[in-house]
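**Q** Dumping the structure here so I can ask a few things about it.
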Amino acid sequence: MTTYRAWEVTGNRTFRLVDREVRDPEPHQVRLRVQYCGICHTDVLAAEGLRARADQPVIPGHEIVGVIDAVGPGITDWHRGERVGVGFLAGHCGTCGTCRRGDFVSCRNQDQTGTTTDGGYAEIAYARTSGLVRIPPGLQPADAAVLLCAGLTTFTALHRAAARPGALVAVQGIGGLGHLAVQYARRRGYRVAAIARGREKEAFAR
Ligand SMILES: [Zn+2]
Ligand SMILES: [Zn+2]
């Protein structure tokens, strides 16, 4: 039986490097060889046991870039060798009430990658196909990974804002999310104000 290495966490910050058995993906799932996994502040939910079953080990990490290694039974639209990303929302069911209204984010049968289901601090990860995005070939894994949570969050906020190009957009907090928001806002043609405490982040924001 082939195994892969993974970092599990149990309780509050009890990390363990373990060997897990490689298994076949379930229906609606793919198996990924993880190329890169970003670190997000939300990983604190797993790392510090702020989740429902903290006594059970979980593999954190929800900014996963990987190459499909195997597809589950019945899957025809994803293939071995394709590079994909997985974020915090682990894939919607498509059949619950909220999904049927097109509100996939609020799906009642959706796991949270790296918190309620295993994530990407591992050599192998498993993911529901409805949660996958394709990663273009020219994009480096490390650059793509951060877009899957911090990037998605800030991009969506700007995308949904009723602001036309040329409008003044303020980004409060120039950290893991804010530094991406500044770049998105600039590229979307806004005038951008970066707001932080003190002058420490000024050069970075510019
Ligand atoms: Zn995140
Ligand atoms: Zn659903």
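Residue numbers (the numbering used here): 401 to 606. Each residue gets a CB set at the ideal place from its N, CA and C atoms; glycine is no exception.
Taking DSSP as the reference, what is the three-state secondary structure of residue 583?
**A** Three-state result, residue 583: helix.
**Q** Just to check, is the beta-carbon of residue 517 closer than 6 Å to a non-hydrogen atom of ligand 1?
**A** No; taking the cut-off as 6 Å, the Cβ of residue 517 has no heavy atom of ligand 1 nearer than that.
**Q** What residues in its chain sit with their C-beta under 7 Å from that of residue 592, if we drop five residues either side in the sequence?
**A** Excluding residues within five positions, the ones whose Cβ falls inside 7 Å are 569, 571, 582, 585 and 586.
**Q** So, are the CB atoms of residue 531 and residue 460 less than 7 Å apart?
**A** No.
**Q** So which of 554, 506 and 588 has the shortest CA-CA distance to residue 564?
**A** It is 588 whose Cα lies nearest to the Cα of residue 564.
**Q** With 16 other CB atoms within 10 Å as the buried threshold, where does residue 450 fall?
**A** Classification of residue 450: exposed, given that the 10 Å Cβ count is below 16.
**Q** Here's the rule I'm using: 16 or more other beta-carbon atoms within 10 Å means buried, otherwise exposed. How should residue 534 be labelled?
**A** So residue 534 ends up on the exposed side.
**Q** Exposed or buried, what is residue 510 when buried is set at 16 or more other beta-carbons lying within 10 Å of its beta-carbon?
**A** With 16 or more Cβ atoms within 10 Å of its Cβ, residue 510 is classed as buried.
**Q** Measure the CB-CB distance between residue 416 and residue 426 and report whether it falls below 7 Å.
**A** Contact: no.
**Q** Determine the extent of the beta strand (DSSP E) in which residue 568 is found, giving its start and end residues.
**A** Residues 568-572.
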